[in-house]
Amino acid sequence: MKRHKAQTSAILIILVIVIFIGVAVTLLQLAKTVSKEEYINLYTGNLLRSVLKTDTGHTQPECRKVSDLLACAFFTPTYRCSPEEPPCLELANETITNYMSKFDMIRKNFNYLFKVESEGFIAATDSGIIDIKIGDERLDIRRGDSLCRKQRCWTANDVIQRTDNGEQYILKVQLIISKR
43 MKRHKAQTSA ILIILVIVIF IGVAVTLLQL AKTVSKEEYI NLYTGNLLRS
93 VLKTDTGHTQ PECRKVSDLL ACAFFTPTYR CSPEEPPCLE LANETITNYM
143 SKFDMIRKNF NYLFKVESEG FIAATDSGII DIKIGDERLD IRRGDSLCRK
193 QRCWTANDVI QRTDNGEQYI LKVQLIISKR
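End of the sequence shown sits at 222 in this note's numbering; the numbers just go up one at a time, nothing left out.
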């Protein structure tokens, strides 16, 4: 009888070890390292969303987040978030330039273009059509001589939606980055 208990215990221990090794091998096969391309693509998307959701420090609803500030720049470009601040359009340009310069990876290794366009309507002031492009405009894919035609670029897209007097308006936001 005792001999069978020892054999049963040995078989049980071997079975547990085999199961443990099987689980370890399965987990190692599932664990995939992210390639550099995938990493930069994820970084671009997360950077765009982070910038849009960043709190500007203003208390007015029109200026609370960077996305609010961009909407303000298109819908009420002359609105001032505070008396000592420039109008929304200028403040949006300054704020995005400031935030983008804080990201070391972008500042040291990449060129970028932060672009905001209206979709389905034209936003304009007395000075002309409102078009926000911050950064290296040579990355604009619409240009015939775009750098993105010659080298690898990564693009992230997002939208800002606003409703005004029952009408829905959409702003398309795009971040394009490429290696220097």
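Just so you know, even glycine gets a beta-carbon here, dropped at the ideal spot from N, CA and C.
Check: Okay, do the region 62 to 70 and the region 172 to 180 touch, 3+ Cβ pairs below 8 Å being the bar?
Finding: No, the region 62 to 70 does not touch the region 172 to 180.
Note to self: Judging by CA-CA distance, which residue of I148, T50, D97, G208 is the nearest neighbour of T137?
What the structure shows: Of the candidates I148, T50, D97, G208, the residue whose Cα lies closest to the Cα of T137 is D97.
Check: For K157, which of I82, L57, Y211, A198 has the nearest alpha-carbon?
Finding: The option with the nearest alpha carbon to K157 is A198.
Next item on the list: Please name the residue in Y141, I164, S92, Q216 whose C-alpha comes closest to that of K175.
Entry: For the residues Y141, I164, S92, Q216, the minimum Cα distance to K175 belongs to Q216.
Notebook entry, point to check: Hey, would you say V201 sits closer than 8 Å to I218, going by beta carbons?
Noted result: No; because the gap between Cβ atoms is not below 8 Å, this pair is not in contact.
Notebook entry, point to check: Tell me the DSSP bridge mates of L155?
Noted result: G177, I218, per the DSSP bridge assignment.
Item checked: Spatially closest choice to E132 from S143, T120, M142, by CA coordinates -> Ranking S143, T120, M142 by Cα distance to E132 puts T120 first.
Next item on the list: Assign D182 to one of three DSSP states: helix, strand, or coil.
Entry: Looking at D182 - three-state DSSP - the assignment turns out to be coil, as it is neither helix nor strand.
Check: Are there three or more Cβ pairs, one per stretch, closer than 8 Å when the region 105 to 113 is compared with the region 142 to 153?
Finding: Segment contact: the region 105 to 113 against the region 142 to 153, fewer than three CB-CB distances shorter than 8 Å; contact not assigned.
Next item on the list: Starting from R91, trace the alpha helix (DSSP H) both ways and give me its first and last residue.
Entry: Per DSSP, the unbroken alpha helix (DSSP H) holding R91 starts and ends at 78 to 95.
Margin query: Suppose contacts are defined by Cβ-Cβ distances below 8 Å. Is S160 in contact with R194 by that definition?
Written below: By the CB criterion at 8 Å, S160 and R194 fall outside the cutoff.
Notebook entry, point to check: Since Q102 and C123 are thought to touch, with beta carbons under 8 Å apart, how far apart are those beta carbons, to the nearest angstrom?
Noted result: Here Q102 really is in contact with C123; their C-beta atoms are around 6 Å apart, less than 8 Å.
Next item on the list: Kindly give me the distance between the Cβ atoms of N83 and W196, rounded to whole angstroms, as I take these residues to be in contact under 8 Å.
Entry: The distance from the Cβ of N83 to that of W196 is about 5 Å, consistent with a contact at the 8 Å cut-off.
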